[in-house]
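Trainee: In order, the protein sequences belong to chains L and S. First residue of the first sequence: 427, per this note's numbering; consecutive thereafter. First residue of the second sequence: 427, per this note's numbering; consecutive thereafter.
Number of protein chains: 2
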Amino acid sequence: MIKVNTNNNLVEIDYKKYQKDVDRVHKIIHEKKGPGNDYLGWLEWPINYDKEEVKRILEAASYVRENFDILVVCGIGGSYLGARAAIEAIRGLYSDDKLEIVYLGQTLSPTYTNQVLNYLRGKKYAINVISKSGTTTETSIAFRLVKEMLEHEIGKEAAAKAIFATTDKEKGALKTLASSNGYETFVLPSDIGGRYSVLTAVGLFPLACAGINIKEMLAGAKKAKKQLSEKKIEKNPAYLYAVNRDYLYRHGKSVELFVLYEPQFTQIGEWLKQLFGESEGKEHKGLFPASVTNSTDLHSLGQFIQEGTPLLFETIIYVEEPTEDVLIPHDVDNLDELNYLATKPLSFVNEKAYLGTLDAHVKEGNVPNLVISIERMDAYHLGYLFYFFMKVCAMSAYLLDVNPFNQPGVEVYKQNMFKLLGKPRV
Amino acid sequence: MIKVNTNNNLVEIDYKKYQKDVDRVHKIIHEKKGPGNDYLGWLEWPINYDKEEVKRILEAASYVRENFDILVVCGIGGSYLGARAAIEAIRGLYSDDKLEIVYLGQTLSPTYTNQVLNYLRGKKYAINVISKSGTTTETSIAFRLVKEMLEHEIGKEAAAKAIFATTDKEKGALKTLASSNGYETFVLPSDIGGRYSVLTAVGLFPLACAGINIKEMLAGAKKAKKQLSEKKIEKNPAYLYAVNRDYLYRHGKSVELFVLYEPQFTQIGEWLKQLFGESEGKEHKGLFPASVTNSTDLHSLGQFIQEGTPLLFETIIYVEEPTEDVLIPHDVDNLDELNYLATKPLSFVNEKAYLGTLDAHVKEGNVPNLVISIERMDAYHLGYLFYFFMKVCAMSAYLLDVNPFNQPGVEVYKQNMFKLLGKPRV
Numbered sequence: 427m428i429k430v431n432t433n434n435n436l437v438e439i440d441y442k443k444y445q446k447d448v449d450r451v452h453k454i455i456h457e458k459k460g461p462g463n464d465y466l467g468w469l470e471w472p473i474n475y476d477k478e479e480v481k482r483i484l485e486a487a488s489y490v491r492e493n494f495d496i497l498v499v500c501g502i503g504g505s506y507l508g509a510r511a512a513i514e515a516i517r518g519l520y521s522d523d524k525l526e527i528v529y530l531g532q533t534l535s536p537t538y539t540n541q542v543l544n545y546l547r548g549k550k551y552a553i554n555v556i557s558k559s560g561t562t563t564e565t566s567i568a569f570r571l572v573k574e575m576l577e578h579e580i581g582k583e584a585a586a587k588a589i590f591a592t593t594d595k596e597k598g599a600l601k602t603l604a605s606s607n608g609y610e611t612f613v614l615p616s617d618i619g620g621r622y623s624v625l626t627a628v629g630l631f632p633l634a635c636a637g638i639n640i641k642e643m644l645a646g647a648k649k650a651k652k653q654l655s656e657k658k659i660e661k662n663p664a665y666l667y668a669v670n671r672d673y674l675y676r677h678g679k680s681v682e683l684f685v686l687y688e689p690q691f692t693q694i695g696e697w698l699k700q701l702f703g704e705s706e707g708k709e710h711k712g713l714f715p716a717s718v719t720n721s722t723d724l725h726s727l728g729q730f731i732q733e734g735t736p737l738l739f740e741t742i743i744y745v746e747e748p749t750e751d752v753l754i755p756h757d758v759d760n761l762d763e764l765n766y767l768a769t770k771p772l773s774f775v776n777e778k779a780y781l782g783t784l785d786a787h788v789k790e791g792n793v794p795n796l797v798i799s800i801e802r803m804d805a806y807h808l809g810y811l812f813y814f815f816m817k818v819c820a821m822s823a824y825l826l827d828v829n830p831f832n833q834p835g836v837e838v839y840k841q842n843m844f845k846l847l848g849k850p851r852v
Numbered sequence: 427m428i429k430v431n432t433n434n435n436l437v438e439i440d441y442k443k444y445q446k447d448v449d450r451v452h453k454i455i456h457e458k459k460g461p462g463n464d465y466l467g468w469l470e471w472p473i474n475y476d477k478e479e480v481k482r483i484l485e486a487a488s489y490v491r492e493n494f495d496i497l498v499v500c501g502i503g504g505s506y507l508g509a510r511a512a513i514e515a516i517r518g519l520y521s522d523d524k525l526e527i528v529y530l531g532q533t534l535s536p537t538y539t540n541q542v543l544n545y546l547r548g549k550k551y552a553i554n555v556i557s558k559s560g561t562t563t564e565t566s567i568a569f570r571l572v573k574e575m576l577e578h579e580i581g582k583e584a585a586a587k588a589i590f591a592t593t594d595k596e597k598g599a600l601k602t603l604a605s606s607n608g609y610e611t612f613v614l615p616s617d618i619g620g621r622y623s624v625l626t627a628v629g630l631f632p633l634a635c636a637g638i639n640i641k642e643m644l645a646g647a648k649k650a651k652k653q654l655s656e657k658k659i660e661k662n663p664a665y666l667y668a669v670n671r672d673y674l675y676r677h678g679k680s681v682e683l684f685v686l687y688e689p690q691f692t693q694i695g696e697w698l699k700q701l702f703g704e705s706e707g708k709e710h711k712g713l714f715p716a717s718v719t720n721s722t723d724l725h726s727l728g729q730f731i732q733e734g735t736p737l738l739f740e741t742i743i744y745v746e747e748p749t750e751d752v753l754i755p756h757d758v759d760n761l762d763e764l765n766y767l768a769t770k771p772l773s774f775v776n777e778k779a780y781l782g783t784l785d786a787h788v789k790e791g792n793v794p795n796l797v798i799s800i801e802r803m804d805a806y807h808l809g810y811l812f813y814f815f816m817k818v819c820a821m822s823a824y825l826l827d828v829n830p831f832n833q834p835g836v837e838v839y840k841q842n843m844f845k846l847l848g849k850p851r852v
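This is the structure we're talking about:
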């Protein structure tokens with residue numbers, strides 16, 4: 427299903443020695459006894475998820491696909507990155523699907539926000555606003571703007587049928603607004619943090635609207651839950667990978683570079699940066715998470731990786747079968763000297779770029795490489811991959827002895843900003 | 427014009443002590459006596475550029491804007507990042523300009539490439555292929571594919587009028603192909619490397635097609651060339667910034683995080699990563715260049731920056747006046763509690779997010795911050811900014827005692843890949 431290849435990690439790891447720590451953390455996770463254990467709802471989610479809600483999500487998504495041309499996804503952080511990563515990874519960047527997805531509320535940029543509003547004006551758009559509290563600054567400002575525009579364009583009653591709110595089950599500003607205006611609502615479970623929420627309504631509703639099979643995605647996650655509940659390092663790819671990255675961190679590496687090989691996977695790198703950065707980056711600890719999309723970035727960061735300061739290791743997420751492919755044509759003149767590749771699929775060249783780079787970075791660059799490979803990028807496999815990384819992250823953060831589920835440092839800038847904005851104290 | 431604020435660098439730098447090294451490097455650069463001095467063409471470029479060619483570029487761009495709906499920019503690395511960074515930064519991500527820009531040849535992704543070809547099919551598109559040699563694998567495969575499709579769709583003769591080649595002045599596969607087929611050609615100067623080429627035809631032709639005033643951009647670069655030729659650290663913002671980043675690198679920081687505050691500037695971060703990563707990342711030296719786009723990424727990497735491993739400093743590129751703006755509306759119900767911001771422009775909130783974050787990261791996070799600010803993101807100021815960073819980069823790399831203009835490490839993966847692909851030896 428998922429393979430973790432550690433043959434190029436350039437270190438000797440004594441897994442027997444590690445097993446005791448892994449056992450301890452495994453127990454902490456599964457018996458919910460570690461710090462942040464209130465946020466372990468994602469662990470059993472592939473089994474425990476609300477089947478009735480998924481049915482409602484599918485119905486609402488059908489309604490959106492039939493009646494609108496655009497879905498505006500209005501969220502930030504965990505209420506943005508997972509859905510975007512999945513939609514782009516599965517549909518691609520030039521999808522011919524009939525429903526366009528537009529992101530708003532993930533930025534305070536006046537230019538971006540104004541341009542998106544102008545782009546939407548006069549078109550048939552629905553809105554999915556995602557916020558636990560409904561008072562997240564970025565999202566609530568953008569939602570106020572786009573909601574007002576929609577109500578102005580089609581009237582308050584019709585707008586209410588085009589707005590879908592994903593929020594807390596019972597309380598908060600968005601819940602109150604949704605109830606008072608009659609929006610359909612979906613639940614952001616109180617025991618699942620933002621960066622672990624992609625398999626809840628937070629991700630599932632936009633994905634279903636985008637035409638992605640969310641039941642398959644949950645089935646993939648369920649498979650992962652089962653396969654990755656094994657304690658033994660060598661039998662559990664999630665723990666094998668977690669132990670490798672932990673070892674490399676403790677032995678001089680300070681940057682983990684996630685490597686993707688297609689542009690539509692770039693946002694998976696962004697999702698990973700939040701997942702690991704927020705989970706591990708505390709108490710002056712943690713690997714700095716970065717990402718590249720090759721071969722594009724071999725012509726950018728490739729030089730540094732090959733010969734620069736030796737502070738990083740790479741984690742490649744390699745997808746074996748491409749979603750689409752194209753054959754390289756023959757050319758009579760052959761001035762570009764490419765005829766040796768004629769009639770070959772482009773996927774053949776991309777694979778050799780991956781293999782050639784792996785070899786270059788490991789053997790000549792002395793850069794440890796971990797390879798995580800999956801068969802293809804469909805809903806099922808991506809559901810598996812999401813769950814895989816969440817399990818890895820919980821294990822990794824507890825191995826570092828930090829809480830995988832809080833993010834105390836994010837509040838500091840917010841408090842400063844509110845002060846500068848003159849926000850009234852409640 | 428450009429301001430470099432070092433008040434939050436959290437160190438005491440003795441500029442007098444540094445001045446000697448800066449004097450030495452300044453001399454090396456301006457007298458062209460350092461390693462890689464064959465590639466200093468960018469230094470006098472804002473004065474020395476070929477005025478006749480710029481005239482031709484403007485004429486060809488007018489022709490493209492009148493006759494086509496899409497320009498396909500086909501290039502990778504320095505033949506891709508600068509043009510894309512400038513087009514997105516100035517036009518924004520939801521531009522209403524009549525000419526759409528599509529990128530191809532920057533990847534070997536079979537899915538992306540096939541989707542773009544399907545997207546273009548049947549539409550009115552011109553192509554700008556950019557490659558010094560014409561045998562860069564990514565670009566030449568993509569160009570072969572899109573050229574064949576266009577010739578099939580509109581005939582070889584009409585296709586030749588829709589193809590513009592930016593390549594070596596005299597030699598190489600693309601030059602030969604262009605001459606034989608009668609494409610209009612522009613020059614990739616032999617004394618300017620890819621990552622320093624954005625102000626040449628490499629960047630100027632796509633920018634002019636995108637409706638951007640390239641004469642203003644060159645004028646901005648000319649102003650920068652003049653203002654940044656001063657030797658004294660305190661009087662030259664480029665050297666002031668170069669010395670600060672050098673000092674921080676030598677005193678325990680290993681990652682430079684470029685910080686942008688609007689999504690349409692994200693690609694400027696990508697351009698900077700190539701510029702600094704390829705110029706400095708050699709001989710096991712160099713700052714690892716990374717980038718974030720706030721406030722989006724405050725909900726992702728913000729936690730790590732605030733409280734994680736203390737290995738980084740931030741370089742903020744702050745644009746004072748937004749290109750567009752939007753007012754936050756009043757809402758009678760005020761359930762989202764945002765009425766304290768009603769009638770304020772969104773730019774006001776974005777600015778406070780920047781200031782609040784700066785304070786949070788510096789004072790509570792103990793993260794050194796350098797702030798580079800420009801007045802607005804138009805062609806003139808961006809021309810200035812590009813030149814500024816190239817001058818910084820030359821100074822920085824020479825201070826590190828590495829050649830700022832080569833990239834020997836990029837060849838390793840290519841050779842491995844060619845072997846695996848079975849490329850015939852020439």
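Don't be surprised by glycine CBs; every beta carbon is placed ideally from N, CA and C. What you are looking at is a predicted structure, and each value in this text was computed from that prediction instead of being measured.
For residue 789/S and residue 783/S, what's the separation of their Cα atoms in angstroms?
Mentor: C-alpha separation (whole angstroms): 10 Å.
Trainee: Indicate the three-state DSSP secondary structure (helix, strand or coil) for residue 748/L in the structure shown.
Mentor: Reduced to three states, the DSSP call for residue 748/L is coil.
Trainee: So, does the region 708–716 of chain S touch the region 800–810 of chain S, judging by three or more C-beta pairs under 8 Å?
Mentor: No contact exists between the region 708–716 of chain S and the region 800–810 of chain S.
Trainee: When the Cα atoms are used, what is the spatial distance from residue 483/L to residue 587/L?
Mentor: The alpha-carbon atoms of residue 483/L and residue 587/L are separated by roughly 14 Å.
Trainee: Give me the subset of the region 751–777 of chain S whose CB atoms are less than 7 Å from a CB atom of chain L, sorted by chain position.
Mentor: Residues 751, 752, 754, 755, 757, 761, 762, 763, 764, 766, 767, 771, 772, 773, 775, 776.
Trainee: Within 10 angstroms of its Cβ, does residue 584/L collect 16 or more other Cβ (buried), or is it exposed?
Mentor: So residue 584/L ends up on the exposed side.
Trainee: So, does the region 510–522 of chain L touch the region 535–545 of chain L, judging by three or more C-beta pairs under 8 Å?
Mentor: No: the two stretches stay apart, fewer than three of their Cβ pairs being nearer than 8 Å.
Trainee: So is residue 766/S buried or exposed if we call it buried at 16+ other beta carbons inside 10 Å?
Mentor: So residue 766/S ends up on the exposed side.
Trainee: Just to confirm, are residue 614/L and residue 593/L a CB contact at a threshold of 8 Å?
Mentor: Yes, Cβ-Cβ distance for residue 614/L and residue 593/L is below 8 Å.
Trainee: Per DSSP, what kind of secondary structure is residue 716/S in: helix, strand or coil?
Mentor: Here residue 716/S sits in strand by DSSP.
Trainee: Tell me, to the nearest whole angstrom, how far the beta carbon of residue 739/S is from that of residue 682/S; I am working on the premise that it is less than 8 Å.
Mentor: Right, their Cβ atoms sit about 6 Å apart.
Trainee: Chain S partners of residue 836/L, CB-CB under 8 Å?
Mentor: In chain order: 724, 725, 728, 729, 732.
Trainee: Does residue 657/S come out as helix, strand or coil in the three-state DSSP assignment?
Mentor: Coil.
Trainee: Taking all protein chains shown into account, decide if residue 768/S is buried (16 or more other Cβ within 10 angstroms of its Cβ) or exposed.
Mentor: Under this definition residue 768/S is an exposed residue.
Trainee: Can you pull the chain L residues whose beta carbon is under 8 Å from the beta carbon of residue 570/S, in chain order?
Mentor: Chain L residues near residue 570/S: 754, 755, 757, 762, 764.
Trainee: In three-state terms, what does DSSP make of residue 475/S?
Mentor: Of the three classes helix, strand and coil, the one that applies to residue 475/S here is coil, per DSSP.
Trainee: With DSSP as the reference, label residue 845/L as helix, strand or coil.
Mentor: In the structure shown, residue 845/L sits in a helix (DSSP, three-state: H, G or I).
Trainee: Does chain S have any CB closer than 8 Å to the CB of residue 566/L?
Mentor: Yes, residue 566/L counts as interfacial toward chain S.
Trainee: Name, please, each residue of chain S whose Cβ falls closer than 9 Å to the Cβ of residue 522/L.
Mentor: What residue 522/L touches in chain S: 541, 544, 545.
Trainee: Quick one: does residue 786/S have its CB under 8 Å from some CB of chain L?
Mentor: Taking Cβ atoms only, chain L reaches closer than 8 Å to residue 786/S, which makes this a yes.
Trainee: As an exercise, report each continuous alpha helix (DSSP H) stretch of at least 4 residues that is fully enclosed by the region 553–582 of chain S, in chain order.
Mentor: Taking only runs of at least 4 residues, the alpha helix (DSSP H) segments lying wholly in the region 553–582 of chain S are 563–580.
Trainee: Compile a chain-ordered list of the residues in the region 676–689 of chain L whose CB is closer than 8 Å to at least one CB of chain S.
Mentor: From the region 676–689 of chain L, only 680, 681, 687, 688, 689 have a Cβ closer than 8 Å to chain S.
Trainee: Residue 595/L versus chain S: which residues are under 9 Å apart at the beta carbon?
Mentor: The premise fails here: residue 595/L is roughly 17 Å from chain S at the closest Cβ pair, so nothing lies under 9 Å.
Trainee: Count the C-beta pairs between the region 480–498 of chain S and the region 627–640 of chain S that are closer than 8 Å, then say yes if the count reaches three, no if not.
Mentor: In short, these stretches touch, since the Cβ pair count reaches three.
Trainee: So which residues on chain L does residue 798/S lean against when the C-beta distance must stay under 7 Å?
Mentor: Ordered by position in chain L, no residue passes the 7 Å Cβ test against residue 798/S, which lies about 18 Å from the chain.
Trainee: When Cβ atoms are compared, which residues of the region 686–717 of chain S fall closer than 8 Å to chain B?
Mentor: Protein chains in the displayed structure are L and S, and chain B is not among them.
Trainee: Below 8 Å between beta carbons: does that hold for residue 801/L and residue 837/L?
Mentor: Contact flag unset, no.
Trainee: If we call anything under 8 Å between Cβ atoms a contact, is residue 672/S one with residue 466/S?
Mentor: No, they are not a contact pair.
Trainee: So with Cβ pairs under 8 Å, would you call residue 623/L a contact of chain S?
Mentor: No, residue 623/L lies away from the interface with chain S (no Cβ there is under 8 Å from its Cβ).
Trainee: Identify the residues that DSSP records as bridge partners of residue 799/L: which are they?
Mentor: Answer is 429/L, 744/L, bridged to residue 799/L.
Trainee: Which word fits residue 433/S, buried or exposed, when buried means at least 16 other C-beta atoms lie within 10 angstroms of its C-beta?
Mentor: Flag for residue 433/S reads exposed.
Trainee: Quick one: using the 10 Å Cβ neighbour count with 16 as the cut-off for buried, is residue 449/S buried or exposed?
Mentor: Residue 449/S is exposed by the Cβ-count criterion.
Trainee: How would you label residue 505/L, buried or exposed, when you count the other beta carbons within 10 angstroms and need 16 or more for buried?
Mentor: Residue 505/L comes out buried.
Trainee: Quick one: measure Cβ to Cβ for residue 732/L and residue 791/L, integer angstroms, because I've assumed they're closer than 8 Å.
Mentor: Correct: roughly 5 Å between the Cβ atoms.
Trainee: Can you tell which of 759/L, 741/L, 771/L has the C-alpha that lies nearest to the C-alpha of residue 753/L?
Mentor: The residue with the shortest Cα to Cα distance from residue 753/L is 771/L.
Trainee: Can you name the residues of chain S whose CB is closer than 8 Å to the CB of residue 842/L?
Mentor: Simply 781, 782, 783, 785, 786.
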